[in-house]
C-alpha cells in the first residue's frame, strides 16, 4: 500500500493508553492512515520525514476565541496562528454579527473556507448584547437567524458563549417554569431539541454554587472566564467544562490540574488576542508555554490543547494521532518542556506550503461602506448638552481605572451656562459621544469619563464593543471633530488626534472592525495606536481595549451606547443629569 | 427555590472527580437542578425520596441494539427495558428499513415518541445488506433517504453500523483514492461533511492491524462485535470505541478492563436480545451483572453503562448525575455488587408511572398487509427443481452447525428423475425456499441445508434477515405448503407445522417482523416456537435465529435469498447445481 508520506519514528503521546510510543505515522490524502511500524504493515511512500527523537503532537485546537479581536480577516488570522501550531479553531463572530447580522457571519464563514487552518464557528447567542432599546446594532441573531445559519453552514458547530448569565440566574424561577421568555433561552431550547449533539458554550464569571447549577440546568456547561481553584473545582465536580485562558494560568490553578485526575474536563483557549500580542508573545502556544512553566506536565498540556477541546466540541476527526484523524502535526524541539515549535504540518504538508496555497477572500463591497450617518445629524450641535439648571448640574460619570475595563459610577457637579453644560474646561474629565452608524435613524448619546482618561487630544473608533457604533472621546471639540471626520472618511477604524492633526490611525475597512492588512503590518499599526493613546494620557496596559469597551452595556458598572448611559447592574438606561443645583 | 422532588442523601459515584459522595439530588421538570446539600442551598420540595444508604446511579444507556430483535414494538420494548434500568437507547432499525424503507424508519420513530424511555435511532447504512441483484427488499437507504431522515428527525443521532467492512477493506485503495464508488462510503462522506458531530458506528468482527486502521481511516470508529483482549487492546490503542455485548464479557476481557485505565473508551451494549431472554435474564442489566460477577468494579460498570455511552454518541444531557441532566435514576440494593435494581425513575418519576402514562401507537394499516405474492407464483410448482442430468446432480448444500449461525458450503450428489431433482427422500437434507414478498415481480430460489436441520415437519417465516422475504424449510411438501399458507393468511410471522397441522406460531403483524403484543405474551409465544423447532430436530441453542439467518447474504459462507444461493465470500450468486452426473 502507498501512502503520501511517512513521518518516521516519531515520539508520540498516546492519550488512549496514556503512554509515550515511537511510531511511524503514514498519511494519505491529508488524513492519518496508520500509526505503528509502517514497513511491517507493508506501507511505502516516496516522502519520508525523519522524526527520530522528535516529539510529534496533534495540531492544537482552540475552541473559544474571537477572530475580530485580532482585528484581521480569517485568512490573515489563520496564517498567523498556524505558525503557532493552531490548526483548528472555533470562533465566535458576535462582533461582525452586531455589525451585519447573518450576512456578516456568512461572510466570515466564506472568508474562512480557503484559510490554511480549519475555522469552525459558534453561533452568537447574544446579538445584541442587550436589546434594541439599549443599543442600536446592524444585525441581530434570534431563532430565525440561527436556523438559517445552521441550515446553510455545517461549520456552525455550537452555540456561542451565552453572555446574559446574570439575567438567567436572576430570573431563574420564571424562566425554568416557562413563565417568562428570553431570546437566549429560546436559542438554547431550539439547539437542545434540534441539534442535541452541539455544545452550548458559557460565560460564567465568578459564578458558584446554586447559581452555577442554574446555568448548568439550562444546558450551559462550559466557562472560559477567569478561574480560581475553588470555582474550577466546583465546575469540574458538576460537569462544567473549563476553558482556561492565559489570565487563568496561575500557579494555584496549574497545581490543581497537575495534582488531580481531571484530564478531559478542561482545555486551553485564547478568547481575545490582539495583533501586537499575537505577533510578539504568540497565541495558544503562549498559554501552553505559560502552563508548562508553572508546572503542568507535557502530557496534560498536550491533552488540554488537542484531545480535550476536540471532545468538548464533539469533533471526531482530530485532536489525536490515530488512523482517520486529520494529519495536523506539531514537531517540538528537544524534550518539549519549553514548547518550542520546530515545524507545523497541516494535512501532512508543511505550514509554509499550506499558507502559500491559501486563497485570499474579498468581502462584499458593501462591507467597506458600513458607516452611514443620517443627514440630520450634526456633530457640532452634539457638543452642546442642554440643561435648564440655574448654575450647576450633578452628572453621572463613568470612572475608569488602570486595572481592568470595568467602570464605577461617580457623580460630579458641572457648571451650566447659557442653557448648556460647560464640560470643556473641567479637570479630569472627557466627553464621550456615541453616535449610531447603521443608516437607520441616527441616535447619539453623551457621557463623561474620569480617572484613566485622555489628557490631551481625542480619539474616535468604530471598533466599540459590541454594537460598534462610533465612539468619540476627548476634551477638545476641534480634535474630536477631526478624529470623527477621519473615521468617517476611512469608513471605519480607530484614530487619535493630537494638536489638531491625526497622530495615529488604524483603518478597519471591513465593517469598521477588521483590517485586510497582513498581521505584521496590522501589528505595527496597533503598536503605534497604543503608543499614541498612552502619549495622550491613558495608563491602562491595553489602551485600545479600555477605550473600546466603554460602550459595552453588559460590563460593570456604567457604560454608554448610542441610546444613552446604561447602568449594567439593572440593565436600564439612566439619565446623564441627576440633579439641578 | 422550589424543586419538584428531592432524592435525599443518595450515595452517588461522581465520575468527574472519581469519588463516592453522599448528596441530595433536586429535580425540576424532569431534569436535575442541584446536587449537594439541598437545604443549605435553600431548595425545598413537597416530595422527599429517602435515599439514605442507597446507591443511586444514572439510568443506563444502550447505544447499540435492534428493537426488531425483541420482535415487539418500541413501546412494548421500552416498557420491558425501563424496568431493567435502561432509560435511553440508540436503536438501529435496519430490519424495518429492509421491509419499508424510509417509511418504516419514520414509523419506528413515531412509534417511539411516547415511549417511557428515550429512543434515538442510528440511520441504517446497509439497506439492503448487499444489492438489489442479490436480494429483493421493500426499501433501501441511500444518500437521498439519509438526507430525508435527518431533516425530518433530530432523533436520528448517528450513522448505524457499517456492515460491509470486508468490502471496504478489500477495495481500500480504490475507495480511498476515489477511483471506485460505494453507497456506504457515500453515506459516510455525507455524514462527515454535513453532520460532523454524529458518530459513525462500526461492525468490525475480528478485524486487526492495517485492516482496522483502514476502517478507522474511513471514519468508522466503534465496534460491537465479539472481543478478545488483543483485538480490544488494538482498538483502544488507535481510538476505536468498543461496545461490549454479553458474549464479549469474558474473564480475560474483564480482567483487561479492570487492570487498565481505559474508562471512557468502552461501553456495554446488547445488540440483539430476543423476548424470551429479555424476560428471563434481562437486558443491559444482565450484561452489567455478568461483568461485575467476573470482577469489574462497580465504578467502572456504572461508567461503562452511563457516562461512556453518552459521550460516545455525544449526548450532552444524560449519563451522569449532575445539574442539567435528565433525572433518570436507578436505585440499587445493598452495596450494588450484585446489581439488584430496587427501583427505576424516569424524569424523576417512578418507572411504573412512566409506563402507565405512555401512549400506545398504531402503525399505518398498510404495515399489517406487507406480504404480497405475484399471482403468477405457484408454490406447488416451486417444489420441482428442474434438472436435465441423466441420473444425478451434484448440488451445493448449506451445511448448518449447532454452534453459530455460519454455514459451510458442502456438495451432495442427488438423484434426478423425470427431469427434476428428487430431494424428498434424502437423509439429512431439507429443502429451503425463499420467495420475495414485496409485490414487485416475485422471485423464488431453491437451496438445501444439511447438518442441524428439521427431521420432521416444516417451518415458514417472514422474519428472515435482513431482507425478510418468505423463508420455507422442510422435507414435506404438504407441511411446507401448510406453513406457507398460514404465514400468508397471518400476513407475517413464524410458524412450525408437524404432521399436517400448525404446531406453534408467532404472528408478526407489523411488516412481518414485529408483534404488537406485550412482551410477556410475546415471550411465551417465542418459548413455544423455540420448543417446537427443537422438537422438530433443531439443536442450536437459538433455533429461531439459526433458521432466520439462513437468508443473510453477508454471513459466512453460503446463504440464500429470493435471488438464489449467495457465496458470501465473493458476494456473488452461485448455481445450486454444480455438475450433471
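Chains as they are written, first to last, in the numbering used here: chain A, 158 to 738; chain B, 158 to 738.
Quick reminder that beta carbons are idealized off the backbone N, C-alpha and C, glycines included.
Quick caveat, the model's predicted, so the values are computed rather than measured.
Between the region 719-726 of chain A and the region 635-654 of chain A, do three or more beta carbon pairs fall short of 8 Å? No, the region 719-726 of chain A is not in contact with the region 635-654 of chain A.
Three-state class that DSSP yields for residue 397 of chain B in the structure shown: Looking at residue 397 of chain B - three-state DSSP - the assignment turns out to be coil, as it is neither helix nor strand.
Looking at C-beta atoms only, is the number of pairs between the region 690-702 of chain B and the region 611-629 of chain B that lie closer than 8 Å three or more? Between the region 690-702 of chain B and the region 611-629 of chain B there are three or more C-beta pairs closer than 8 Å, enough to call the two in contact.
If you reduce the DSSP assignment to three classes, tell me which class residue 374 of chain B lands in. The answer is helix: DSSP assigns residue 374 of chain B an H, G or I state.
For the region 345-356 of chain B, list every residue whose C-beta sits within 8 Å of some C-beta in chain A, in sequence order. Across the region 345-356 of chain B, CB contacts with chain A closer than 8 Å involve 349, 350, 351, 352, 353, 354, 355 and 356, in sequence order along the chain.
Option nearest residue 167 of chain B by Cα separation, candidates B:210, B:358 and B:527: Restricting attention to B:210, B:358 and B:527, the CA atom closest to the CA of residue 167 of chain B is found in B:210.
Which of the three DSSP states, helix, strand or coil, is assigned to residue 524 of chain B? Reduced to three states, the DSSP call for residue 524 of chain B is helix.
When you compare only the Cα positions, how much space is there between residue 478 of chain A and residue 215 of chain A? The C-alpha of residue 478 of chain A lies about 6 Å from the C-alpha of residue 215 of chain A.
Taking 7 Å as the CB-CB limit, is residue 373 of chain A close to chain B? With its beta carbon less than 7 Å from one in chain B, residue 373 of chain A belongs to the interface.
Mind pulling the chain A residues with CB within less than 8 Å of residue 616 of chain B? Here the premise fails: no neighbours, minimum Cβ distance about 43 Å.
Residue environment, residue 597 of chain B, which counts as buried when at least 16 other CB atoms sit within 10 Å: Exposed, since its Cβ has fewer than 16 Cβ neighbours within 10 Å.
Would DSSP call residue 586 of chain B helix, strand or coil? Three-state result, residue 586 of chain B: coil.
Out of curiosity, what's the CA-to-CA distance linking residue 586 of chain B and residue 609 of chain B? Approximately 9 Å, taken between the alpha carbons.
In its own chain, which residues sit with a C-beta less than 7 Å from the C-beta of residue 553 of chain A, not counting the 5 before and 5 after it? Here the set comprises 566, 568, 715, 722, 731, 733 and 735.
Residue(s) in a DSSP beta bridge with residue 278 of chain B: Residue 278 of chain B is bridged by DSSP to B:248 and B:313.
With respect to the alpha helix (DSSP H) encompassing residue 683 of chain B, which residues constitute its N-terminal and C-terminal limits? Note, residue 683 of chain B: alpha helix (DSSP H), 676-692.
From residue 355 of chain B to residue 480 of chain A, what distance separates their C-alpha atoms? If you draw a straight line from the Cα of residue 355 of chain B to the Cα of residue 480 of chain A, it is about 18 Å long.
So, for residue 520 of chain B: in the same chain, excluding its five sequence neighbours on each side, which residues have a beta-carbon less than 6 Å away from its beta-carbon? Counting only Cβ-Cβ distances below 6 Å, and skipping sequence neighbours, we find 264 and 667.
Listed by chain order, chain A residues near residue 175 of chain B by CB distance under 8 Å: In chain order: 418.
Any Cβ of chain A within less than 7 Å of the Cβ of residue 394 of chain B? Yes, residue 394 of chain B counts as interfacial toward chain A.
Compare the beta carbon distance of residue 426 of chain A and residue 400 of chain A with 7 Å and say whether it is the shorter of the two. Cβ atoms of residue 426 of chain A and residue 400 of chain A: closer than 7 Å.
Can at least three beta-carbon pairs, one atom from the region 247-265 of chain A and one from the region 295-303 of chain A, be found at a separation below 8 Å? Yes, the region 247-265 of chain A is in contact with the region 295-303 of chain A.
Which of the three DSSP states, helix, strand or coil, is assigned to residue 384 of chain A? Coil at residue 384 of chain A, not helix or strand.
Ordered list of alpha helix (DSSP H) runs contained in the region 174-251 of chain A, each at least 4 residues: The DSSP assignment places 231-239 as complete runs of the alpha helix (DSSP H) inside the region 174-251 of chain A, in order along the chain (cut-off: 4 residues).
State yes or no: is the beta carbon of residue 370 of chain B nearer than 7 Å to at least one beta carbon in chain A? Judged by the 7 Å Cβ criterion, residue 370 of chain B is in contact with chain A.
Can you tell me where the beta strand (DSSP E) holding residue 171 of chain A begins and where it ends? Per DSSP, the unbroken beta strand (DSSP E) holding residue 171 of chain A starts and ends at 162-171.
What does the Cβ neighbour count give for residue 436 of chain B, buried or exposed, with the cut at 16 atoms within 10 Å? Counting the other Cβ atoms within 10 Å of the Cβ of residue 436 of chain B gives 16 or more, which makes it buried.
Taking the straight line between their C-alpha atoms, what separation do you get for residue 410 of chain A and residue 713 of chain A? Taking the straight line joining both Cα atoms gives about 25 Å.
Name the DSSP bridge partner or partners of residue 320 of chain B? Per DSSP, residue 320 of chain B has no beta bridge partner at all.
For the region 287-315 of chain A, enumerate the residues whose C-beta is nearer than 8 Å to any C-beta of chain B, in chain order. Taking 8 Å as the Cβ-Cβ cut-off against chain B, the residues of the region 287-315 of chain A that qualify are 311 and 314.
Nonlocal neighbours in the same chain, by C-beta distance under 7 Å from residue 275 of chain A, ignoring five residues either side: The beta carbon of residue 275 of chain A lies closer than 7 Å to those of 244 and 245 in the same chain, with the five residues before and after it left out.
Have a look at residue 271 of chain A and residue 671 of chain B and give me their C-alpha separation to the nearest angstrom. C-alpha separation (whole angstroms): 50 Å.
Can you list the residues of chain B that residue 191 of chain A reaches, using a CB-CB cut of under 7 Å? Ordered by position in chain B, the residues that pass the 7 Å Cβ test against residue 191 of chain A are 367 and 370.
Do residue 247 of chain A and residue 470 of chain A count as a contact pair if the criterion is CB distance below 7 Å? In this structure, residue 247 of chain A lies closer than 7 Å to residue 470 of chain A by Cβ.
Drop a sphere of 10 angstroms on the beta-carbon of residue 580 of chain B, count the other beta-carbons inside from all chains shown, and report buried for 16 or more, exposed for fewer. The residue in question, residue 580 of chain B, is buried, as its Cβ has 16 or more Cβ neighbours within 10 Å.
So if I threshold CB-CB distances at 7 Å, which residues from the region 686-704 of chain A count as touching chain B? Cβ contacts with chain B: none found.
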